[in-house]
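Colleague:
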Amino acid sequence: MAVSGLIMLGYLVAHVAGNLKVFFGPGEFNAYGHWLRVMGAPVLHHEWALWLVRIVLLAAVVAHAVSAYQLSRRDIKARPTAYVHRRKRSSYATRTMRWGGIILALFIVWHVLDLTTGTVHPGGFEEGRPYQNVVDTFSTWYGNVVYIVAMLALGLHVRHGFWSAAQTLGVGSARRERLLKVLANTLALVLTAGFVSVPVAVMTGVVS
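Given below as structure tokens:
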């Protein structure tokens with residue numbers, strides 16, 4: 002779970018950096034979308050590198066989901082009877098990790114069908130014009146609601162998940178705990194703000 006989570010976290014950092022190119026206009030953003038399909042050329046054929054990234058991400062998502070299920074079953078088996086009193090110190094992110102994971106899994110399906118395949122895209126999906134497709138999606142109230150709710154869930158998930166991964170992989174210690182928590186909070190805040198800034202920019206007319 003820790004390794005697959007860190008793979009996805011690395012992708013999210015790169016993804017939000019790419020998304021922010023939308024603020025530089027359609028030419029810059031559409032060129033970035035084109036580059037994703039030709040990266041690795043001329044060594045790799047058209048979209049080979051992109052499909053390699055997709056396969057790695059899919060493997061990471063499946064590994065993460067399977068690990069979550071296995072850990073959940075192990076917890077239930079170890080403690081079949083629930084605690085009488087819940088720990089008051091457990092954070093909101095900790096208590097909502099499971100639901101956050103489900104929300105993100107559903108969002109990934111919607112996001113791919115919206116901006117990759119165009120199956121549920123509003124306003125007519127245009128291949129090779131990601132800028133216009135992004136504007137179309139965030140020009141609808143439901144597109145904004147789905148995306149912003151998912152990004153808030155992502156922030157909570159990253160906040161707790163990054164710290165947990167550090168503990169699992171042996172990086173964490175009593176001396177580093179404060180630093181790791183600051184890093185987790187900073188990563189969660191930067192990712193959430195970066196992703197949410199795009200629909201907000203479309204709603205306010207900054208990106209149009």
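Just so we're aligned, residue 2 is where the sequence shown starts under our numbering, counting upward by one. The C-beta atom is built at its ideal place from N, Cα and C for all residues, glycine as well. Just so it is clear, the structure is predicted and the values come from calculations on it, not from any experiment.
(1) Can you give the Cα-Cα distance for K22 and R38, rounded to whole angstroms?
(2) Drop a sphere of 10 angstroms on the beta-carbon of F30, count the other beta-carbons inside from all chains shown, and report buried for 16 or more, exposed for fewer.
(3) With a threshold of 16 other CB atoms inside 10 Å of the CB of F196, please say whether the residue is buried or exposed.
(4) Is it buried or exposed, Y132, if we count other Cβ atoms within 10 angstroms and call 16 or more buried?
(5) Over the uninterrupted alpha helix (DSSP H) stretch that includes K182, give me the two end residues.
(6) Are the segment 117-137 and the segment 146-154 touching by the rule of at least three beta carbon pairs closer than 8 Å?
(7) Tell me which residue opens and which closes the alpha helix (DSSP H) that F163 is part of.
(8) Starting from S1, follow the alpha helix (DSSP H) in both directions and report where the run begins and ends.
Modeller: With the structure as the only source:
(1) Position 21 of the sequence shown holds residue 22. Position 37 of the sequence shown holds residue 38. Taking C-alpha positions only, K22 is separated from R38 by approximately 16 Å.
(2) Within the sequence shown, numbered from 1, the residue matching residue 30 stands at position 29. Here F30 is buried: its Cβ has 16 or more other Cβ atoms, across all protein chains shown, within 10 Å.
(3) Here the question's residue 196 lines up with position 195 in the sequence shown. When all chains shown are included, F196 counts as buried.
(4) In the sequence shown, counting from the first residue as 1, residue 132 sits at position 131. Y132 should be labelled buried.
(5) Within the sequence shown, numbered from 1, the residue matching residue 182 stands at position 181. Note, K182: alpha helix (DSSP H), 178-205.
(6) With the cut-off at 8 Å, the segment 117-137 and the segment 146-154 do not touch.
(7) Counting from one through the sequence shown, the residue named residue 163 turns up at place 162. Here the alpha helix (DSSP H) through F163 covers 142-169.
(8) With the chain represented from 2 up to 209, any question about residue 1 goes unanswered, as that position is not in the structure.
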